[in-house]
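Heads up: the structure comes next, in structure tokens.
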Amino acid sequence: MRLTEEGGSRTRLELEHIAHDDMWEQYGPGATGIGWDSILLGPAGHLSPGAASPPEESAAWIASEEDRLFTTLSSERWCEASNAADTDEAAAERVLAAHTARE
137 MRLTEEGGSR TRLELEHIAH DDMWEQYGPG ATGIGWDSIL LGPAGHLSPG AASPPEESAA
197 WIASEEDRLF TTLSSERWCE ASNAADTDEA AAERVLAAHT ARE
């Protein structure tokens, strides 16, 4: 992840990653998509005015219903994208189960 000052109150965020094919086959686009959505929460928590929180609050949030809802909604949007791309619908269900500990 790179943050580059763009002038004034603007910053450019660049994020690069590698997606492993085996994860894509098993979980579809949500395998990386939910992770991308979650990754962006970290900088938002530190860069938003007054939003910095101690690490123990972040750890508590990960176990919260709010996090579960965020992950579920993210997964649902990635499921829609996956279905639009004609990928395996069951893959979207597997990624939701994996990220929310549902069976």
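The opening residue of the sequence shown carries number 137 in this note's numbering; numbering runs sequentially from there. Glycine included, C-beta positions come from ideal geometry on N, C-alpha and C. As the structure is a computational prediction, the values presented were derived from the model and not from experiment.
When the Cα atoms are used, N219 and Q162 turn out to be separated by approximately 14 Å. In the DSSP assignment, the residues bridged to E141 are T147.
L151 has its alpha-carbon roughly 13 Å from the corresponding atom of T168.
Residue environment: A228 is assigned as buried (16 or more neighbouring CB atoms within 10 Å of its CB, all protein chains considered). DSSP assignment within the segment 165 to 232 yields the following whole alpha helix (DSSP H) runs of 4 residues or more, N-terminal first: 166 to 175, 177 to 183, 191 to 198 and 201 to 220. Under the three-state reduction of DSSP, A237 is assigned to coil, being neither helix nor strand.
Two segments are said to touch when three or more pairs of C-beta atoms, one from each, lie closer than 8 Å; by this definition the segment 168 to 179 touches the segment 205 to 213. In terms of Cβ geometry, A217 and P179 do not form a close pair [threshold 7 Å].
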